[in-house]
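Structure first, commentary second.
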Amino acid sequence: MSGVAIVAGYALRESLRRRVFAVVLLLTLLFLGLYTFAVVKVFEEIGNFSTERNLGTLDPTGFVAATMLGLGMFAILFLATVLAVFLTLGAVRGDAERGLLQPLVVRPLGRTSLLLGRFLAAGAVCAAYALLIYGAALVIVHQASGRWPDTILAPGLTLAGGALVIVALSLLGSVFLSATANGIVTFMLFGAGLVSGLMQSIADAISSHSLGRIAHDIALALPFEALYQSGLHALTADQSGFTGTLIQLGPFGSSHAGGPWLDVWVLAYVVAVGAVAAWGFSRRDL
Amino acid sequence: MAAALSVSALRKDYGRTTALGGVDLEVGEGELVGLLGPNGAGKSTLVKIVCGLVRPSSGRAEVCGAPAGSREARAALGYLAELFRFPGWCRAGEVLELHQKLAGSAGGAAERRELLELVDLWDARERRVEAMSKGMQQRLGLAQALIGGPRLLLLDEPTSALDPVGRRMVRELLERLRERGVAVLLNSHLLSEVELVCDRVAILSRGHVAAAGRPSELSHASGVEVETADGVRRFPGAVREDAPRLVAQLVGEGAAIYGVRVVSTSLEDVYLEAVGDDAPEATA
Numbered sequence: 123m124s125g126v127a128i129v130a131g132y133a134l135r136e137s138l139r140r141r142v143f144a145v146v147l148l149l150t151l152l153f154l155g156l157y158t159f160a161v162v163k164v165f166e167e168i169g170n171f172s173t174e175r176n177l178g179t180l181d182p183t184g185f186v187a188a189t190m191l192g193l194g195m196f197a198i199l200f201l202a203t204v205l206a207v208f209l210t211l212g213a214v215r216g217d218a219e220r221g222l223l224q225p226l227v228v229r230p231l232g233r234t235s236l237l238l239g240r241f242l243a244a245g246a247v248c249a250a251y252a253l254l255i256y257g258a259a260l261v262i263v264h265q266a267s268g269r270w271p272d273t274i275l276a277p278g279l280t281l282a283g284g285a286l287v288i289v290a291l292s293l294l295g296s297v298f299l300s301a302t303a304n305g306i307v308t309f310m311l312f313g314a315g316l317v318s319g320l321m322q323s324i325a326d327a328i329s330s331h332s333l334g335r336i337a338h339d340i341a342l343a344l345p346f347e348a349l350y351q352s353g354l355h356a357l358t359a360d361q362s363g364f365t366g367t368l369i370q371l372g373p374f375g376s377s378h379a380g381g382p383w384l385d386v387w388v389l390a391y392v393v394a395v396g397a398v399a400a401w402g403f404s405r406r407d408l
Numbered sequence: 385m386a387a388a389l390s391v392s393a394l395r396k397d398y399g400r401t402t403a404l405g406g407v408d409l410e411v412g413e414g415e416l417v418g419l420l421g422p423n424g425a426g427k428s429t430l431v432k433i434v435c436g437l438v439r440p441s442s443g444r445a446e447v448c449g450a451p452a453g454s455r456e457a458r459a460a461l462g463y464l465a466e467l468f469r470f471p472g473w474c475r476a477g478e479v480l481e482l483h484q485k486l487a488g489s490a491g492g493a494a495e496r497r498e499l500l501e502l503v504d505l506w507d508a509r510e511r512r513v514e515a516m517s518k519g520m521q522q523r524l525g526l527a528q529a530l531i532g533g534p535r536l537l538l539l540d541e542p543t544s545a546l547d548p549v550g551r552r553m554v555r556e557l558l559e560r561l562r563e564r565g566v567a568v569l570l571n572s573h574l575l576s577e578v579e580l581v582c583d584r585v586a587i588l589s590r591g592h593v594a595a596a597g598r599p600s601e602l603s604h605a606s607g608v609e610v611e612t613a614d615g616v617r618r619f620p621g622a623v624r625e626d627a628p629r630l631v632a633q634l635v636g637e638g639a640a641i642y643g644v645r646v647v648s649t650s651l652e653d654v655y656l657e658a659v660g661d662d663a664p665e666a667t668a
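Which chain is which? The protein sequence lines are H and C, in order.
Using my numbering, read the first sequence as starting at 123 and increasing by one per residue.
Using my numbering, read the second sequence as starting at 385 and increasing by one per residue.
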């Protein structure tokens with residue numbers, strides 16, 4: 123068995139057996155419970171709303187289903203980020219300060235293998251988590267509305283990809299920063315991504331090209347946000363007319379098609395982040 | 385055959401602070417060498433460079449002929465860090481299994497059993513690390529360091545968390561390892577322990593080897609004591625060869641002699657002499 127696979131297996135077991143996983147599981151169940159309650163209630167409400175008013179070409183069920191799924195995606199990315207950060211925030215410097223890393227590093231496997239193993243394990247857990255919860259949200263919305271989104275798989279994959287980007291960034295931070303500092307920085311980066319989404323919405327509303335450009339560049343610099351925007355866009359790709367316009371005013375204001383090069387950019391970005399992390403780790407005295 | 389450990393002109397600077405200022409040291413196959421020195425003398429830095437945790441600023445360190453830090457060097461050594469921890473969620477047997485995989489050891493369950501029995505932890509093999517006492521974790525660390533049959537064992541304060549029974553167990557273990565040809569570099573504050581088990585000692589002070597050699601070579605006569613009817617008469621500065629003359633002189637003066645003892649400096653005296661003002665942490 124290769125060193126990478128051994129470390130990945132070890133980190134995977136660690137992910138599942140640490141208390142943090144139980145906490146995340148509990149929070150997830152809480153989220154899904156509240157989400158189900160909200161979805162059911164909102165579809166009860168739109169029944170009354172649509173029969174009392176003349177809504178013209180608006181499809182209230184499609185509108186609310188897309189809106190609730192968009193909100194769900196936001197929450198899922200946030201929860202996946204929390205999981206990614208907790209699994210990786212102390213992977214290098216934090217573990218070294220606690221004396222956990224040294225017995226592993228002196229073994230014949232290289233430091234790059236160790237880092238890669240940690241990335242694969244945390245990435246697999248976080249991506250699977252994002253896909254699972256996204257699937258649960260889809261089913262909940264479908265049960266309440268009878269609708270499926272325009273694209274089913276792509277939004278889930280963008281969430282999983284976003285989680286992988288955050289795992290890579292958090293691992294990079296763990297090489298240079300203490301666990302606490304790394305956690306703070308990673309959440310701040312996540313916040314910066316959200317801000318770029320808001321900036322994009324404002325830029326679209328006021329037709330500001332320069333603001334839109336800045337928001338676009340930030341989203342590419344933090345590609346989990348670009349992936350999220352691309353996922354939102356895929357969710358309502360076929361919505362048009364009044365319903366489509368109304369959806370853009372909601373949580374989909376920042377949705378943008380990623381384009382054919384986004385996946386390539388994300389892959390190159392993760393590889394580059396990993397290379398910098400490996401370089402920093404190889405030079406670190408433990 | 386290459387020495388188990390060969391260190392030459394090894395230097396490590398942390399910014400303006402020099403941790404090691406050009407250290408030379410050799411540990412032969414099956415040799416047990418004690419590394420002594422006060423806190424901050426550079427002992428742990430030396431050990432960490434040898435096992436590849438710290439990069440040297442200059443100089444050379446080789447493990448069984450391979451550059452320290454290389455894959456070949458790391459495959460040839462076992463290491464017990466001064467401050468280490470195993471994941472609390474892991475069971476004792478799982479810790480060893482993981483390290484067997486990482487070390488490429490084919491020993492399997494038989495090796496795990498042998499090592500756990502060696503450190504008296506077989507009955508605790510299913511216990512989680514977080515439920516173990518510090519001493520048990522230290523013994524598990526020792527077992528981990530022995531996985532794969534290393535040719536060089538680096539032990540950084542291996543008895544720091546152990547009670548007297550545990551310390552004796554480590555001493556006996558070191559004797560057995562020496563018989564099996566395993567070279568050991570033992571970093572310890574406990575002079576008496578080092579004196580008991582080590583073939584040679586190296587005393588580090590401020591990043592330099594202040595003294596090195598066999599404990600018997602390092603110690604020297606520091607006087608003769610003669611027990612007479614009037615009490616013990618001390619002759620500081622006298623050596624073994626002076627004893628017959630001193631006895632004859634005292635007998636000639638009419639004294640009754642009950643015993644004669646040539647006094648030698650202890651390792652502690654040698655240590656204090658070597659490190660001078662740098663020795664606040666010396667313990668017997």
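In this text, a Cβ means the ideal position worked out from N, Cα and C, and glycines have one as well.
Cutoff 7 Å: residue i Cβ touching any chain C Cβ
{"i": "L222 of chain H", "result": "yes"}
{"i": "R240 of chain H", "result": "no"}
{"i": "A390 of chain H", "result": "no"}
{"i": "R215 of chain H", "result": "no"}
{"i": "P225 of chain H", "result": "yes"}
{"i": "L205 of chain H", "result": "no"}
{"i": "L84 of chain H", "result": "Lying outside 123 to 408, the shown extent of chain H, residue 84 of chain H is not represented and no answer is given."}
{"i": "I262 of chain H", "result": "no"}
{"i": "L408 of chain H", "result": "yes"}
{"i": "Y132 of chain H", "result": "yes"}
Cross-chain neighbours of residue i in chain C, by beta carbon under 8 Å
{"i": "V228 of chain H", "result": "C435, G436, L437, R458, L461 and Y463"}
{"i": "I128 of chain H", "result": "L482, K485 and L486"}
{"i": "G125 of chain H", "result": "L486"}
Residue of the options minimising C-alpha distance to residue i
{"i": "P534 of chain C", "options": "C:V549, C:E637 and C:R562", "result": "C:R562"}
{"i": "L461 of chain C", "options": "C:P599, C:G532, C:A594 and C:S603", "result": "C:G532"}
{"i": "L389 of chain H", "options": "H:W401, H:Q224, H:G257 and H:A348", "result": "H:A348"}
{"i": "L538 of chain C", "options": "C:N571, C:T649, C:L420 and C:R645", "result": "C:N571"}
{"i": "A425 of chain C", "options": "C:G414, C:G597, C:V407 and C:C435", "result": "C:V407"}
{"i": "V675 of chain C", "options": "C:D614, C:P471 and C:P620", "result": "The structure shown does not extend to residue 675 of chain C, since chain C spans only 385 to 668, so no value can be given for it."}
{"i": "E498 of chain C", "options": "C:P542, C:L557 and C:P440", "result": "C:L557"}
{"i": "G412 of chain C", "options": "C:R584, C:A388 and C:S428", "result": "C:A388"}
{"i": "G192 of chain H", "options": "H:V228, H:D272 and H:A301", "result": "H:D272"}
{"i": "R335 of chain H", "options": "H:P345, H:L344 and H:S318", "result": "H:S318"}
{"i": "T401 of chain C", "options": "C:H483, C:A487 and C:S441", "result": "C:S441"}
{"i": "S576 of chain C", "options": "C:V566, C:R560, C:R564 and C:P599", "result": "C:P599"}
{"i": "V434 of chain C", "options": "C:E456, C:E415 and C:G421", "result": "C:E456"}
{"i": "Q322 of chain H", "options": "H:V307, H:F312, H:I306 and H:I340", "result": "H:I340"}
{"i": "L236 of chain H", "options": "H:V145, H:A325, H:L354 and H:L293", "result": "H:L293"}
{"i": "L260 of chain H", "options": "H:G245, H:V307 and H:M195", "result": "H:M195"}
Residue i, buried or exposed, once every other Cβ within 10 Å from all chains shown has been counted against 16
{"i": "E579 of chain C", "result": "buried"}
{"i": "N304 of chain H", "result": "buried"}
{"i": "K485 of chain C", "result": "buried"}
{"i": "A397 of chain H", "result": "exposed"}
{"i": "P277 of chain H", "result": "buried"}
{"i": "F159 of chain H", "result": "exposed"}
{"i": "T667 of chain C", "result": "A caution first: T667 of chain C carries a pLDDT of 44, below 50, which makes its placement in the model unreliable, though a value can still be read off. By the neighbour-count rule (16 or more Cβ atoms within 10 Å), T667 of chain C is not buried but exposed."}
{"i": "Q265 of chain H", "result": "exposed"}
{"i": "V391 of chain C", "result": "buried"}
{"i": "M310 of chain H", "result": "exposed"}
{"i": "E541 of chain C", "result": "buried"}
{"i": "Y398 of chain C", "result": "exposed"}
Within chain H, partners of residue i - CB distance below 9 Å
{"i": "W473 of chain C", "result": "R135, E136, R139, R140 and R141"}
{"i": "R455 of chain C", "result": "P230, L231 and G232"}
Cutoff 7 Å: residue i Cβ touching any chain H Cβ
{"i": "G485 of chain C", "result": "Looking at the sequence shown, residue 485 of chain C is not Gly but Lys. Yes, K485 of chain C counts as interfacial toward chain H."}
{"i": "A666 of chain C", "result": "Below a pLDDT of 50, predicted positions are generally treated as unreliable, and A666 of chain C, at 44, falls in that range; the measurement from the model is reported next regardless. No, A666 of chain C does not count as interfacial toward chain H."}
{"i": "L602 of chain C", "result": "no"}
{"i": "L419 of chain C", "result": "no"}
{"i": "R469 of chain C", "result": "yes"}
Beta-carbon neighbours of residue i, restricted to chain H and to distances below 8 Å
{"i": "Q522 of chain C", "result": "Within 8 Å Cβ-Cβ: nothing; Q522 of chain C doesn't reach chain H, min ~12 Å."}
beta-carbon residue i near the ligand SAM non-hydrogen atom, thresh 6 Å
{"i": "L320 of chain H", "result": "The ligand SAM is absent from the structure shown, which contains no ligands of any kind."}
Secondary structure, alpha helix (DSSP H): runs of 4+ residues fully inside the segment 429-506 of chain C = Segments of the alpha helix (DSSP H) lying fully in the segment 429-506 of chain C: 455-459, 476-487 and 492-502.
At which residue ranges does the segment 521-583 of chain C contain complete beta strand (DSSP E) runs of 3 or more residues, listed in the order of the chain?
-> With a minimum length of 3 residues, the continuous beta strand (DSSP E) runs that stay inside the segment 521-583 of chain C are 536-540 and 567-571.
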